[in-house]
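Start counting the sequence shown at 137; every next residue gets the next number (our numbering). Glycine included, every Cβ here is placed at the ideal spot set by N, Cα and C. One structure is given below, encoded as structure tokens.
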Amino acid sequence: MEADDFVELIRYHWASDINWFPNERQRLQLAAILLLAAFTGSRPQALLDLTYRDLDLYIEKDAETRVDMLRLGVKLTKTKSRQKRKRPKTYTFNLDDNPIFCVITHIVSLAFDDSAFGPPDLKSPDVLFRLRARREKGCQPIPWRKEMLDVPIFRRAIATKEGVKTSPDRALTYNVYQAWVKRLGEALGYLQTLTTYCLRRALGNAINDDPKSNAAVRNLALDHVGSSTIFERNYLSRMIRYSTQDAFWNREADPQAAKSGGRIGRLRDPNRPRKLTNEQGQQVRRLPSVHRLLESRDRVRGVILREFGFLRMAIGEPIHTEYKKLERMVNSTIRAEERALLKCIQRQYDKSAPVEAIQRQIKGTSAEGQELTSESTPMQIKIPERRQIAEAAMSDPAVFTGPKALSRHIKCSATMISLCRQREGRRETRRERLSRKYSRSTGETDTATTVVSTPTLPLSSTPEGCVPLTCQEFQCLFCLCSNLPQEDREKRYAGKHSLQRHAERCRLRHFQEKDRIPCPDKVACRGMVFEGKSHFKNHAASAHLFVL
């Protein structure tokens, strides 16, 4: 991966990424981890384990210009296998011209969201970015709150009684992080699997090509102890990053031409199949291996229904255990067959696409519109803060220089802080998409995704005589009172059972039968708490028309 590929990756992450995140702080965290991975070449777990104790934020006067500069030191204490190093290495970062590619802007935005700064009055980026270094020392450290020192910076999202929140102390897991990165590479159309090690190898080769650097710096950055054997065997690009042709003719070399051959985006194809169509998914379910498992599962299900009436009445019985085992086998077999079929389709596409493209060129057929279909289709970004960051990411780099550069960092950081408090709605499932297509073909009303104009009330002070928020048919009260985008807040579900399942998964499963449950309408029902689920459901049905 080269620098141009990385710029494209970050821009796509903000402007077009199809990854779904539990809350938007996770999206900001992923961008920050990718920046750190590119600029440090560190292993992913070393970055996921970073705490505020490992960060040294300070303001220092530049030795030549005497201008106050905000800098960040990142100390990596655990570099491999989570073993703590006796002599940890530290990277120093300056403000980048473009805040979208600035490590400091991302880290301080996360810190403000955590209220991690020690000074009580340091509450906004506008104050932070305008601080000055002390005259007598030329440096002004910016301390963290004592209770935040051992808190991970990059933390996972968890489901709570109040909704989806960022965990106060549990770090983001590698499996979740890597799944996001892998899907990001698939969405970009990379033929190779995108991992953090792509960025690690990129930095190692960049340092190796720099005439101002040396092997000692490269080995320290990559944490290779001893000789250069590890780098040369595992990290040095197999694509020769030097023009041997120019060297043979004793003429000036063109290093960019040699490097471009190793770009991960060189063979990028946005039209490459990323998932199966509905017809292909049904084809998998008609395979003999899947069909036999489905018959066995349905046979056991029929026995349970005849003897117990409902599946849930057989919980704890041996036959129910057998049914769940068969269900898991069905799901795992379907997933394995779907992956195998998708790989087969992708291999066929990789063989045929170049031939078809060349044939179109020879015949004079213009195919530019067809080849860029997936990129040219604008993605609707529901959250305004993310839309602003996406616009900044796609802007000309020249606009980030000059006297307004600092104000752009301040504005971008404030937008990122606000983004951390937002959340995107749940994505539409395959079953819902099929139901919607069927409804359109038959002319029926699509109740699963209908958005109605529901009067939503601001979550501020309670006005006199405020009317409780009321739900339309099959709307969720928890969603109406959440911080989701308006379209997701006002979503109507397909029926009563769909609404019940959603409400149970969304919020009610975190409460026991006799727990105290507060009303989510913080305006008209502020402070109202109900004894148990039955009491809450009676209130929700009578006051908010939220019938469960």
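Residues sharing a beta bridge with Arg207, DSSP:
Tyr194, Asn230
Using C-beta distances below 6 angstroms, list every residue in its chain close to Lys297, excluding the 5 sequence neighbours before and after it, in chain order.
His646
Determine the direct distance from the alpha carbon of Val426 to that of Thr469, and round the result to whole angstroms.
7 angstroms
For the 8 angstroms Cβ check, are there 3 or more pairs between the segment 224 to 238 and the segment 539 to 559?
yes
Quick check on Asp305: does DSSP put it in helix, strand or coil?
strand
Between Asn155 and the rest of its own chain, which residues show a CB-CB distance below 6 angstroms, the 5 nearest in sequence each way excluded?
Trp316, Arg319
Can you tell me whether Leu595 is helix, strand or coil according to DSSP?
In this predicted model, Leu595 has a pLDDT of only 38, less than 50, meaning its place in the structure is not dependable; the value taken from the coordinates is given anyway. Coil.
Hey, quick one: how far does the alpha helix (DSSP H) through Thr551 stretch, first residue to last?
541 to 555
Find out if the Cβ-Cβ distance for the pair Ala168, Ala526 is shorter than 8 angstroms.
no
I'd like the span of the beta strand (DSSP E) that includes Gln482, first residue to last.
Counting along the chain, Gln482 falls outside any beta strand (DSSP E), though it belongs to the alpha helix (DSSP H) covering 454 to 499.
Residues near Val587 in its chain [Cβ-Cβ closer than 6 angstroms; skip 5 each side]
Caution applies to Val587, whose pLDDT of 38 falls short of 50 and renders its modelled position unreliable; the value that the coordinates give is listed next. Within the same chain, Val587 has close Cβ partners Glu623, Glu626.
Residue environment, Trp385, which counts as buried when at least 16 other CB atoms sit within 10 Å:
exposed
Can you tell me whether Asn159 is buried or exposed? The criterion is at least 16 other CB atoms within 10 Å of its CB, across all chains shown.
buried
Pull the bridge partners of Thr332 from the DSSP assignment, please.
Paired residue(s): none; Thr332 is not in a bridge.
Taking DSSP as the reference, what is the three-state secondary structure of Gly438?
helix
In the DSSP assignment, what are the bridge partners of Cys771?
What is shown of the chain runs 137 to 684, which leaves residue 771 out entirely.
Close Cβ partners of Phe265 (< 8 angstroms) along its chain, the five nearest in sequence each way excluded:
Leu206, Leu542, His545, Ile546, Ser549
Where does Gly417 sit, in a helix, a strand or coil, going by DSSP?
helix
Take Pro594 and list the residues in its own chain whose beta-carbon comes closer than 6 angstroms to its own, dropping the five residues that flank it on each side.
Per-residue confidence for Pro594 stands at a pLDDT of 41, beneath the threshold of 50, marking its modelled position as unreliable; the derived number appears in the next sentence. Excluding sequence neighbours, Pro594 sits near nothing in its chain.
Chain-order list of residues whose beta-carbon lies under 8 angstroms from that of Val665 (same chain, five-residue window excluded):
Arg652, Ile653, Pro654, Cys655
Give me, in chain order, the residues of the same chain whose beta-carbon lies closer than 8 angstroms to that of Tyr459; leave out the 5 immediate sequence neighbours on both sides.
Arg433, Val436, Arg437, Ile440, Leu447, Ala450
To which residues of the same chain is Gly274 closer than 6 angstroms at the C-beta, ignoring the five residues directly before and after it?
Lys197
Inter-residue Cα distance where the pair is Glu463 and Ser379
57 angstroms
Using the three-state DSSP reduction, which class does Ile146 fall into: helix, strand or coil?
helix
Which residue wins for smallest C-alpha separation from Asp141, given the options Leu335, Thr176, Tyr313, Tyr227?
Leu335
Between the segment 273 to 287 and the segment 246 to 258, can you find at least three pairs of beta-carbon atoms closer than 8 angstroms?
yes
By the 10 Å Cβ neighbour count, where 16 or more other Cβ atoms means buried, how is Gly340 classified, buried or exposed?
buried
Please tell me whether Phe248 and Glu560 are closer than 8 angstroms, where the distance is taken between their beta carbons.
no
Give the range of the alpha helix (DSSP H) segment to which Val659 is assigned.
It is not in any alpha helix (DSSP H) - Val659 carries neither H nor E in the DSSP assignment.
Option in Pro406, Ile553, Cys607, Pro520 with minimal Cα separation from Gln482:
Pro406
Just tell me which of Tyr371, Val300, Ala493, Pro424 has its CA closest to the CA of Asn619.
Val300
Burial state of Pro424 (16 or more Cβ within 10 Å)
exposed
Evaluate Cys480 with the Cβ neighbour count: other Cβ atoms within 10 Å of its Cβ, from every protein chain shown; 16 or more gives buried, anything less gives exposed.
exposed
Same chain, Cβ closer than 8 angstroms to Val466, five either side skipped, listed in chain order:
Val426, Leu429, Leu430, Arg433
Report whether the distance from the Cβ of Leu447 to the nearest heavy atom of the ligand NAP is below 7 angstroms.
With respect to small molecules bound, the structure shown includes none, and the ligand NAP cannot be examined in it.
Output needed for Cys607: all residues of its chain with C-beta closer than 6 angstroms, excluding positions within five of it in sequence on either side, in chain order.
Leu613, His680, Leu681, Phe682
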